[in-house]
Amino acid sequence: MDQKLPNIIYIMVDDLGWTDTGTYGSMFYETPNIDALARAGMTFTRGYAGAANCAPSRACLISGQNTPRHGIYTVGNSERGDSRTRRLIPIKNTKKLADSVFTLAEMLKSKGYITGNFGKWHLGEDPISQGFDVNIGGSGRGGPGGKGYFAPYNLHDLTDAPKGENLTDRLTKEAIHFMKGARETPFFAYIPYYAVHTPLATTEGLKRKYQDKKGNDRHSHAVYAGMIETVDNNVGRILDFLKSESLAENTFVVFTSDNGGIRGISLQSPLRAGKGSYYEGGIRVPFIFSWPGKIPEGTQNDDPISNLDIFPTLRELTGATLPDKGLDGISLVNTLMGEGRMPSRELFFHFPIYLQAYNPKMDDGRDSLFRTRPGGVILSGKWKLHEYFEDGGVELYDLEKDPGERTNLAHTHTDKAAQLLEKMRAWRSRTEAPVPIEANPKFDAHYMGDTK
1055 MDQKLPNIIY
1065 IMVDDLGWTD
1075 TGTYGSMFYE
1085 TPNIDALARA
1095 GMTFTRGYAG
1105 AANCAPSRAC
1115 LISGQNTPRH
1125 GIYTVGNSER
1135 GDSRTRRLIP
1145 IKNTKKLADS
1155 VFTLAEMLKS
1165 KGYITGNFGK
1175 WHLGEDPISQ
1185 GFDVNIGGSG
1195 RGGPGGKGYF
1205 APYNLHDLTD
1215 APKGENLTDR
1225 LTKEAIHFMK
1235 GARETPFFAY
1245 IPYYAVHTPL
1255 ATTEGLKRKY
1265 QDKKGNDRHS
1275 HAVYAGMIET
1285 VDNNVGRILD
1295 FLKSESLAEN
1305 TFVVFTSDNG
1315 GIRGISLQSP
1325 LRAGKGSYYE
1335 GGIRVPFIFS
1345 WPGKIPEGTQ
1355 NDDPISNLDI
1365 FPTLRELTGA
1375 TLPDKGLDGI
1385 SLVNTLMGEG
1395 RMPSRELFFH
1405 FPIYLQAYNP
1415 KMDDGRDSLF
1425 RTRPGGVILS
1435 GKWKLHEYFE
1445 DGGVELYDLE
1455 KDPGERTNLA
1465 HTHTDKAAQL
1475 LEKMRAWRSR
1485 TEAPVPIEAN
1495 PKFDAHYMGD
1505 TK
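Using my numbering, the first residue of the sequence shown is number 1055, and each one after it goes up by one.
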């Protein structure tokens, strides 16, 4: 490996579903630049977010640690949904990443990197306290607010924008300005776009373009498609900048999403459910890596990876050292460089709280009231097991044959279910993962909730 430290660009789209680019099978959304990035590098078919919604997934990425270690499980309160429909008192949620956490940005700064955040932070009020030298647009906000994708914005540090400017365009402009100014030193540009999070908004021209284009039963939302095209155009701007400045050969680029897409906007079939669910549609995301001359072009990998793997990967790439800190992922360097398959391992997800339904008829969850009830998930090879804390329910799926998680094999493959359940419980013990056990006195077994 070249001893010169690579520049690093991490592009993360908010709520982009696994199927929502051409690379991952969409015939409706147009993503030529993302597709070109995939052809230039390695695409993972089983990439996973660290959690099924935005704040915990981002905390996993930035800390390199799973949810029980940082305590961020959701956005805001953990008591989501009607109290009469919750059997348990959920574990209290942590709302910001503690400054004591040694972050990805702090690790890179220790190696001389200039670090910048351009977009949604959502782990506290200011990423400057977490190792970033520059911050544009990042705060505790989870979205841009009403009509926030076109100036005047609702973001406090972007008040000088010309009326009608697009937020994704502006964040890219700021990121490119940062990279151009930092080109004499290694840089880390973290670009977590607010798009394609709600409220959905695009130009009238893009909206009409996709209204006139024939969609299908999975993808047909014209405004959402326009937002994806805008993201794709800006990925192209970044790649063009790298080429024009002769930086491409020494820049490691990652493209992904923070969690699955919202099922009521874009179906992720054959995957089940969407954002907020621990079925595949909520946690499986696009993952593309590119580094010209280092990562083999046009390669596809079917090994399961997680955004928890990014921290140890960048640690190995840069030769950084850590304080006394455990990491919950593994380095992908050998796999990315085509030097061997990944070792066999399990991926774990822990969600000891509640997340109410978006749309009871569309969410495709275990029940119509919640996208997720308290529980945990283990992925082991082709097998995936869910455990639910309220009723002790167990679901086992063979993802090779059943990526939609429709046929529960827990009662026919009892040995495998027991083996995975034991592994997950041992992992919870090792990580001191809190499990809710206190009964909710407000629970009403006869109340069915509003499923309209």
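Cβ coordinates follow ideal geometry from the N, Cα and C atoms, glycine included. Note that the structure is a prediction, hence the values are computed from the model and not measured.
Short Cβ contact (7 Å threshold) for residue i with residue j
i	j	result
VAL1289	GLY1196	no
ALA1103	ILE1319	no
THR1256	GLY1280	yes
THR1284	THR1222	yes
ASN1355	MET1096	yes
ILE1342	PRO1366	no
LEU1070	VAL1307	no
ASP1214	GLY1503	no
PRO1060	TYR1167	no
PRO1490	PRO1428	yes
ALA1464	ALA1471	yes
ALA1411	ASP1418	no
GLN1322	GLY1330	no
PRO1488	ILE1145	yes
GLY1200	PRO1253	yes
LEU1386	ASP1421	no
GLU1492	ILE1143	yes
ALA1094	SER1344	yes
LYS1415	PHE1156	no
Through-space distance from residue j to residue i, alpha-carbon basis
i	j	result
LYS1506	ASN1413	Caution applies to LYS1506, whose pLDDT of 48 falls short of 50 and renders its modelled position unreliable; the value that the coordinates give is listed next. In a straight line, the C-alpha of LYS1506 is about 8 Å away from that of ASN1413.
LEU1177	ALA1152	9 Å
SER1274	GLY1315	14 Å
ILE1182	ILE1230	19 Å
ASP1056	GLY1347	The pLDDT assigned to ASP1056 is 41, lower than 50, so where the model puts this residue is not dependable; a value taken from the coordinates is nonetheless given after this. Cα to Cα, the separation comes out at about 10 Å.
ILE1063	GLY1392	21 Å
PHE1497	ARG1141	5 Å
TYR1172	ASN1361	The residue you asked about is not Tyr; residue 1172 is Phe in the sequence shown. Going from the Cα of PHE1172 to the Cα of ASN1361 covers about 19 Å.
THR1468	GLY1435	17 Å
LEU1475	LEU1409	23 Å
ASP1294	GLU1454	38 Å
CYS1114	THR1485	14 Å
ARG1369	GLN1119	14 Å
ARG1134	PRO1198	22 Å
CYS1108	LYS1174	10 Å
LYS1165	GLY1259	45 Å
ASP1211	PHE1204	14 Å
LYS1058	GLY1235	19 Å
SER1407	SER1298	Here residue 1407 turns out to be Ile, not Ser, going by the sequence shown. Rounded to whole angstroms, ILE1407 to SER1298 spans 48 Å at the Cα level.
ASN1027	HIS1500	No information on residue 1027 is available, as it lies outside the stretch 1055 to 1506 that the chain covers here.
ASP1456	GLU1449	13 Å
LEU1209	GLU1179	12 Å
ARG1224	SER1483	45 Å
When the options are compared against residue i, the one with the closest alpha-carbon
i	options	result
PHE1309	LEU1325, PRO1346, PRO1340, VAL1489	PRO1340
PHE1424	TRP1437, GLY1435, GLU1444, SER1434	GLU1444
LYS1268	THR1461, TYR1083, LEU1475, GLN1184	TYR1083
TYR1078	PRO1457, LEU1439, PHE1098, ASN1061	PHE1098
THR1073	GLY1101, ALA1090, ARG1479, PRO1060	GLY1101
LYS1261	VAL1277, ASN1189, ASN1287, ARG1093	VAL1277
TYR1442	TYR1332, ALA1109, ASP1187, ARG1134	TYR1332
GLY1202	ASN1220, LEU1162, ILE1088, ASP1089	ASN1220
LYS1477	LEU1439, ASP1312, PRO1488, GLU1449	LEU1439
PRO1377	PRO1144, LEU1158, PRO1206	LEU1158
ASP1187	GLY1200, THR1169, TRP1175, PHE1204	THR1169
LYS1163	ALA1243, LYS1174, MET1081	ALA1243
LYS1149	GLU1449, PHE1156, PRO1110	PRO1110
ILE1116	GLY1352, MET1066, GLY1394	MET1066
MET1081	TYR1264, PRO1246, LEU1209, PRO1253	TYR1264
GLU1351	LYS1234, GLN1322, LEU1390	LEU1390
MET1233	LEU1254, ALA1205, ALA1302	ALA1302
GLY1394	LYS1415, ILE1349, GLY1380	ILE1349
ASP1452	GLY1446, THR1466, TRP1437	TRP1437
Rounded Cβ spacing between residue i and residue j (contact assumed at less than 8 Å)
i	j	result
THR1139	ILE1282	Rounded, the Cβ-Cβ distance is 34 Å, inconsistent with contact.
GLU1459	ARG1326	5 Å
GLY1185	GLU1160	4 Å
ALA1106	THR1426	7 Å
PHE1402	ILE1432	6 Å
ARG1291	THR1226	5 Å
ASP1068	TYR1248	6 Å
ASN1287	ASN1087	7 Å
Within-7 Å CB hit, residue i to chain E
i	result
MET1281	The structure shown contains no chain E; it is built from a single protein chain.
Contiguous alpha helix (DSSP H) assignments of at least 4 residues, all confined to the region 1255-1334: 1258-1265, 1276-1298
Residue ranges of each alpha helix (DSSP H) within the region 1162-1248, 4 or longer: 1221-1235
Which runs of the alpha helix (DSSP H), 4 residues or longer, sit entirely within the region 1069-1100? 1086-1093
Report the start-end ranges of each alpha helix (DSSP H) in the region 1363-1410 that is 4 residues or longer and not cut off at the edges. 1364-1372, 1387-1390
Write down every uninterrupted run of the beta strand (DSSP E) in the region 1418-1499 whose length is 3 residues or greater and which is fully enclosed by it, in chain order. 1424-1426, 1429-1434, 1437-1442, 1448-1452
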